[in-house]
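Numbering (the numbering used here), first residue to last: 9 to 123.
Ideal placement from N, C-alpha and C gives every residue a C-beta, glycine not left out.
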């Protein structure tokens, strides 16, 4: 099992039910490949450094950012990426592999706030 973390920027037009559906879809794909979701965090509204232009949806300067960490088979990453790309409300997403397993417990997302 390999550990990953994913950041997903969602549109301001998505309702709570749609957000839950996207997160549930990702969890289902992870469990399908013998994995498990470890943490899900809502990081709130974030302004982007540049505008995001989505055809037939509009121009976005900010969105709602979600983080989740999970462990799964590497084959699941391709399916997850395709599922996120096909979802209308997803503005951007990125998935990275965690180098060390203990990062799950010690990694602080707000470390830059202390500087």
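Roughly how far, in whole angstroms, is the beta-carbon of residue i from the beta-carbon of residue j, given that I think they are within contact range, below 8 Å?
i, j, result
"residue 51", "residue 74", "7 Å"
"residue 19", "residue 92", "About 12 Å; that fails the 8 Å criterion."
"residue 80", "residue 43", "3 Å"
"residue 37", "residue 84", "6 Å"
"residue 72", "residue 53", "6 Å"
Given a cut-off of 8 Å on the beta-carbon distance, is the pair residue i and residue j in contact?
i, j, result
"residue 105", "residue 16", "no"
"residue 45", "residue 76", "yes"
"residue 102", "residue 12", "no"
Considering only DSSP beta bridges, list what residue i is partnered with.
i, result
"residue 51", "Bridge partners of residue 51: none, in fact."
"residue 10", "80"
"residue 100", "17"
Whose CA, out of the options, lies closest to the CA of residue i?
i, options, result
"residue 65", "12, 13, 22 and 57", "22"
"residue 34", "63, 101, 88 and 62", "88"
"residue 62", "80, 49, 43 and 96", "96"
"residue 41", "47, 107, 59 and 82", "82"
"residue 39", "27, 60 and 78", "78"
"residue 49", "28, 59 and 60", "28"
Would DSSP call residue i helix, strand or coil?
i, result
"residue 95", "coil"
"residue 19", "coil"
"residue 45", "strand"
"residue 62", "strand"
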